[in-house]
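In this note's numbering, the protein residues as written are 599 to 697. Each residue gets a CB set at the ideal place from its N, CA and C atoms; glycine is no exception. Note that the structure is a prediction, hence the values are computed from the model and not measured. Have a look at the structure below, then the notes.
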Amino acid sequence: MAQEFSRAFYRSAAWLKCRAAYIASVFYCCELCKEAVGTSGILHHKISLCPENINDPNITLNWDHLEYLCVRCHNQTHSDNLPVRGDVKFDDQGYLVRR
Ligand SMILES: [Zn+2]
Ligand SMILES: [Zn+2]
Numbered sequence: 599m600a601q602e603f604s605r606a607f608y609r610s611a612a613w614l615k616c617r618a619a620y621i622a623s624v625f626y627c628c629e630l631c632k633e634a635v636g637t638s639g640i641l642h643h644k645i646s647l648c649p650e651n652i653n654d655p656n657i658t659l660n661w662d663h664l665e666y667l668c669v670r671c672h673n674q675t676h677s678d679n680l681p682v683r684g685d686v687k688f689d690d691q692g693y694l695v696r697r
């Protein structure tokens, strides 16, 4: 799922520590729908990571730019800019389904 340039970042101790602390700070709940998701949610970067900013901790590890979301809300957040094929769409659970 993670792109090549960000693979090492998502495995880094700094990120895992940041992620765990952030998730605890929002009480393991999705920030949009407030559903309790434990640690299975997705810590979303409001600024899309790219090869230019992946090594900038002011962006990658900055809590101001993070949002903890359940899978469904995360998919909705990305549904505007995801390269979704014309023959699929997101259903109301946030899963990709055929049109
Ligand atoms: Zn949610
Ligand atoms: Zn995201």
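{"Query": "Go ahead and pull the three-state DSSP assignment for M599.", "Result": "Confidence is the limiting factor: at M599 the pLDDT is only 48, short of 50, which leaves the residue's position unreliable, though a coordinate-based value still follows. Correct three-state label for M599: coil."}
{"Query": "Rank L667, C616, Q601 and F603 by C-alpha distance to the C-alpha of I564 and give the top, closest one.", "Result": "Residue 564 is absent from the model: the chain starts at 599 and stops at 697."}
{"Query": "What would DSSP say about Y626, mapped onto helix, strand or coil?", "Result": "coil"}
{"Query": "Pull every residue with its beta-carbon under 7 Å away from any heavy atom of ligand 2, and keep them in chain order.", "Result": "I640, H642, H643, H672, T675 and H676"}
{"Query": "Compare the C-alpha of A606 against each of C648, K644 and K632 and name the closest.", "Result": "C648"}
{"Query": "Whose CA, out of E602, R609 and K615, lies closest to the CA of N660?", "Result": "K615"}
{"Query": "Give the DSSP-derived three-state secondary structure of R696 in the structure shown.", "Result": "strand"}
{"Query": "Where does K644 fall in DSSP's three states?", "Result": "coil"}
{"Query": "When burial is assigned at 16 or more other CB atoms within 10 Å of the CB, is T637 buried or exposed?", "Result": "exposed"}
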